[in-house]
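Down below is the structure, laid out as structure tokens.
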Amino acid sequence: MFKRLKVIFAFKQLLIVLLSIAMLIGVACNLVYPFENTSSLILLPIVFIGPLLVFFLYRYLKKLPPFLLKRIILIAFLIMVLVQIYVFSAMPATIYHDPFRVIQEAEQVSTGDIDWTSDYFWRYPNNVPLTALVGFWFKLTNLLGLTPNLAIHILSLLFLDSMIIILLLTARKLVSNLALPLIGQLFFLLSPYAYTYNLQVFYSDLPIYFSISALLLIVLKWQKADFKSKSWRFLSLVLLFLICLFAQIIKPNFLIVALAAFITILAAWLAKKKMIKVITIPLITIILAVLIAFPATKVLDSSINFKNNEQYELPITHWIYMGLNLKRDGSYSGRDTKSAVKRVNINAREKADIKGISRRLKKAGIFNLIKLWTSKVAILLNVSKYNHAYTGGYVSSPAWFQKDQAWWSSIASLVLRLAFVTIYSLALMSLYRLFKVKEVDPLSLFSLLIAVGYITFHTFLWEVEGRYGQAITPILFLLIANTFSKAVITEKKRKRDWKIPVFILAFLSLGGIYLKANARLINSRGIATIAQRSQLSNQYNPHVTWLAAHSSVTQNVSIAATNDYFSILKVKGSRAVATLTNRTTKQTFNINAGHTKYSILNQLKPGEYQIKVTNPTNDQQAIWLVKTHNYQLGQESATMPEPTWGKRSFVYMFSQNRVHDDQGTFRIVKIKKPYK
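Sequential numbering from 0 applies to the sequence shown in numbering that gives the first Met the number 0.
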């Protein structure tokens, strides 16, 4: 018995060490990236200032009466919601890649006009269940007379703000006061976390963050025996089952949570402790939900008449193969995917991947593998690009934002980076305290298993993206709250605590100095301002639109700041021509036709413009127009020569700082550097 407990304890210590290493990498990469220069040293004190500020703020807020703290939390939450509504209405982002394809197909599901218009879902069938569920949501909101844009905004708002409430309730449950929940709410109010990617792009990531937050709270309540009656315990298990079923259906790697639950149950059996056995029931519920999700996924696929097509589908080994791509640091590789789809079917791709995996492992060697794994952890935990994930500019935005968008974006990125430097630093302190604890807390073990499971899965087995690492954020919140609940904090009798304003001033000053030091880089950054970049992508063979001879398509768009670059997606080989006209001054710009885009480098002043694509030939010409039923893409829909159903839009982009944009890959790179 004693040996078993020692093994479990040693295992817990190993998990803590592994997660601590990841947190150290997370702190380092958020200090250094994206500018990667010596100015990162300016931010180094934040590693200490951030946690100390939270500590002193917590000590001060604990002195305040609970009713006052409750009111402040409520006011802060309401202000956050108002800002979120403002962002939706004034700054709608243009989304691309997977999230748009899900929305576009879900809208078809909601209307019953299901048309698999590209190869995308045959290649990535894991997104079909999410598409079906969003389609059912659209069916409901269609009955209420809501537009798809508003419906998807409401869905994002529900998941995001529910997750925030759950995290605040978790903190409240652990610390038994409202000081830490208020600090958590201040993070959501003052950082971009609740206003950018999580809010503006609905995809499988946010529901997973919500699901992990919710299941941790339910398991916590079971551990603390909060559910006194059988009916409440039963309802909590039903809710837990549905949450985990939903999560596994939309994100297959949620299986990691089920494995964590199984290992925790195994530890409970080895330890033979009644305290640990208390949470065995909810953990078994999690495992059952995940197992049932597999046949449930097939049912959802069938409900929208989707059938797998092995001619296009990529095997699991493909993601492992991409995860070993040294040139891409283990992230998604378009070149690897392009090579894979050339093979005849999924079996041929799997065989090629297995050979490729073996080849890459041998070629890399142990040193390069360690370097790759470190880079992958850094990508997972770096949040510098998180605000702009899956977004390519804004459909529209206020003039004050457009004029200084490069600076606003840099400030938002820095704020989020410093916030997560603080979170990772606090997590390190929590892990150190947990390392010294001799007992094995079941919820802590379960949480550690999930966090380490996600990190190791993407580090050693899978390809990696920055979004994936956010799945462990609810766990970090729980670990930090658990530490505050057990920390002995002495309350000083001083009337004024000068440390808080001084630390806030230091925080702001260091951030300002850092931005000033990188002013040239920020000012010279190519940045997409007003754009419509939602599309199905040429690699998935979507349908083109045929423009009749001597006819044209127009679309109106307005910009509120000076831009010096404009591009519009072009069908390769098409002889259609494009122009851009300032509708106020009537000045027309002839746009250069390249292989895959029309583009122009010129001073485009604020005003209303008209994009026009004309077919001057006697034959029909192919053009790119993105089609939706009622989902609004650009500021206005394109005007066709003949009336058609639904809405249409070009794929276009205005940008600042003279950038060249590859509309096929969405990479924005400088044409020339304005400084040496």
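Where is the CB? At the ideal position from N, CA and C, for every residue including glycine. From a predicted model like this one, the values you see are computed outputs, not experimental measurements.
In the DSSP assignment, what are the bridge partners of Trp545?
For this step, residue 545 is matched to residue 546 along the sequence shown. Note: Trp545 sits in a beta bridge opposite Ala621.
Can you tell me the Cα-Cα spacing of Asp661 and Tyr630, whole angstroms?
To locate residue 661, count along the sequence shown from 1; it is residue 662. To locate residue 630, count along the sequence shown from 1; it is residue 631. Confidence at Asp661 is low in this model, with a pLDDT of 45, below 50, so its placement is unreliable and no value can be given for it.
Between the C-alpha atoms of Ser228 and Ile280, what's the straight-line distance to the nearest angstrom?
For the purposes of this step, residue 228 is taken as residue 229 along the sequence shown, with counting starting at 1. For the purposes of this step, residue 280 is taken as residue 281 along the sequence shown, with counting starting at 1. Between Ser228 and Ile280, the C-alpha separation is close to 15 Å.
Closer than 8 Å by C-beta to Glu607: which residues in its own chain qualify, once you throw out the five before and the five after it? Chain order, please.
By one-based count along the sequence shown, residue 607 stands at place 608. The residues are Asn555, Val556, Ser557, Asn581, Arg582, Thr583.
Unbroken stretches of the alpha helix (DSSP H), 4 residues or longer, contained in the stretch 345-411
345-380, 398-402
Between Leu205 and Leu198, what straight-line distance do the alpha-carbon atoms span, to the nearest angstrom?
Locating residue 205 in the sequence shown gives position 206, counting from the first residue. Locating residue 198 in the sequence shown gives position 199, counting from the first residue. If you take the alpha carbons of Leu205 and Leu198, they lie about 9 Å apart.
Out of Leu430, Asn540, Ser383, point me to the one whose CA is closest to Glu464's CA.
As a first step, residue 464 is located in the sequence shown; it is residue number 465 there, counting from the start. Nearest option by C-alpha distance: Ser383.
Go ahead and pull the three-state DSSP assignment for Val31.
Counting from one through the sequence shown, the residue named residue 31 turns up at place 32. Looking at Val31 - three-state DSSP - the assignment turns out to be helix.
Contact between the stretch 351-360 and the stretch 319-327: three or more CB pairs below 8 Å?
yes
For the alpha helix (DSSP H) holding Ala259, just list the boundary residues, first then last.
If you number the sequence shown from 1, residue 259 lands on position 260. 254-270 is the extent of the alpha helix (DSSP H) around Ala259.
Could you check if Asp112 is buried or exposed, using at least 16 other CB atoms within 10 Å of its CB as the buried criterion?
The residue you call residue 112 lines up with position 113 of the sequence shown. Exposed: under 16 other Cβ atoms inside 10 Å.
Taking Ala9 as the reference, which of Leu444, Tyr539, Asn517 has the closest Cα?
As a working note, residue 9 is residue 10 in the sequence shown. The shortest Cα separation from Ala9 among Leu444, Tyr539, Asn517 belongs to Leu444.
What span of residues does the beta strand (DSSP E) with Met90 cover, start to end?
Counting from 1 along the sequence shown, the entry for residue 90 is found at position 91. Taken as a continuous stretch (DSSP letters only), Met90 belongs to no beta strand (DSSP E), as it is neither H nor E.
If you draw a straight line from the alpha carbon of Thr93 to that of Arg647, how long is it in whole angstroms?
Position 94 of the sequence shown holds residue 93. Position 648 of the sequence shown holds residue 647. Using only the alpha carbons, I get a separation of about 14 Å.
Among Val570, Arg70, Val340, the one whose alpha carbon lies nearest that of Gln620
Locating residue 620 in the sequence shown gives position 621, counting from the first residue. Of Val570, Arg70, Val340, the residue nearest in Cα terms is Val570.
Per-residue DSSP class, three states only, for Gly663:
Indexing the sequence shown from 1 puts residue 663 at position 664. Legend: pLDDT at Gly663 = 42, less than 50; position of this residue unreliable, value from coordinates given subsequently. Gly663: coil per DSSP, three-state reduction.
When the Cβ atoms of the stretch 284-298 are set against those of the stretch 251-264, are three or more pairs found closer than 8 Å?
yes
Is it buried or exposed, Lys671, if we count other Cβ atoms within 10 angstroms and call 16 or more buried?
As a position in the sequence shown, residue 671 is number 672, starting the count at 1. Here Lys671 scores only 41 on pLDDT, less than 50, and its place in the model should not be relied on; the value that follows carries that caveat. It counts as exposed.
List in chain order: all unbroken beta strand (DSSP E) runs of 3+ residues lying wholly within the stretch 498-541.
526-531
Top-ranked residue by Cα proximity to Leu77, from Leu156, Leu43, Ile102:
Sequence index remark: in the sequence shown, residue 77 carries index 78 (1-based). Ranking the options by Cα distance to Leu77, first place goes to Leu156.
Residue range of the unbroken beta strand (DSSP E) whose run includes Ser654:
Within the sequence shown, numbered from 1, the residue matching residue 654 stands at position 655. Note, Ser654: beta strand (DSSP E), 651-655.
May I ask you to report which of helix, strand or coil DSSP gives Asn308?
Residue 308 sits at position 309 when you count from the first residue of the sequence shown. In the structure shown, Asn308 sits in coil (DSSP, three-state: anything other than H, G, I, E or B).
Are there three or more Cβ pairs, one per stretch, closer than 8 Å when the stretch 515-532 is compared with the stretch 403-411?
yes
Find the nearest neighbour of Lys341 within the set Gln310, Trp115, Phe366, judged by alpha-carbon distance.
The sequence position of residue 341 within the sequence shown is 342, counting from 1. Cα-wise, what sits closest to Lys341 is Gln310.
Helix, strand or coil: how does DSSP classify Val570 here?
Position 571 of the sequence shown holds residue 570. It is coil, neither helix nor strand.
Measuring only between beta-carbons, confirm whether Thr638 sits less than 8 Å from chain C.
Here there is only one protein chain, and chain C is not present.
Residues near Asp563 by beta carbon distance below 8 Å, same chain, minus five either side:
Against the sequence shown, residue 563 aligns to sequence position 564. So the qualifying residues of the chain are Leu600, Asn601, Gln602, Leu603, Ser654, Gln655, Asn656, Arg657.
In chain order, what residues of the same chain lie with their CB nearer than 6 Å to the CB of Asp300, ignoring the 5 residues before and after it?
Counting from 1 along the sequence shown, the entry for residue 300 is found at position 301. Cβ neighbours of Asp300 beyond the five flanking positions: Val127.
Using only CA atoms, which one of Tyr194, Ile315, Val420 lies nearest to Ile45?
Counted from its first residue, the sequence shown places residue 45 at position 46. Nearest option by C-alpha distance: Val420.
Check whether the Cβ atoms of Ser412 and Pro50 lie closer than 8 Å to each other.
Start at 1 with the first residue of the sequence shown, and residue 412 comes out as number 413. Start at 1 with the first residue of the sequence shown, and residue 50 comes out as number 51. No, Cβ-Cβ distance for Ser412 and Pro50 is not below 8 Å.
Extent of the continuous alpha helix (DSSP H) run through Leu579:
The residue you call residue 579 lines up with position 580 of the sequence shown. Element bounds for Leu579: not the alpha helix (DSSP H) but the beta strand (DSSP E), 576-581.
Considering only residues of the same chain and omitting the five flanking positions on each side of Phe120, which have a CB-CB separation below 8 Å?
By one-based count along the sequence shown, residue 120 stands at place 121. Arg100, Glu104, Asn126, Val127, Thr130, Phe305.
Would the C-beta of His549 count as close to the ligand MG, meaning under 7 Å from any of its heavy atoms?
This structure lacks the ligand MG; in fact it carries no ligand of any kind.
Let me make sure I understand the geometry here. Which of Val86, Trp221, Leu173 has the alpha-carbon closest to that of Ala193?
Counting from 1 along the sequence shown, the entry for residue 193 is found at position 194. Cα-wise, what sits closest to Ala193 is Val86.
Taking Thr195 as part of the beta strand (DSSP E), name the residues at either end of that continuous run.
Here the question's residue 195 lines up with position 196 in the sequence shown. Counting along the chain, Thr195 falls outside any beta strand (DSSP E), and DSSP gives it neither H nor E.
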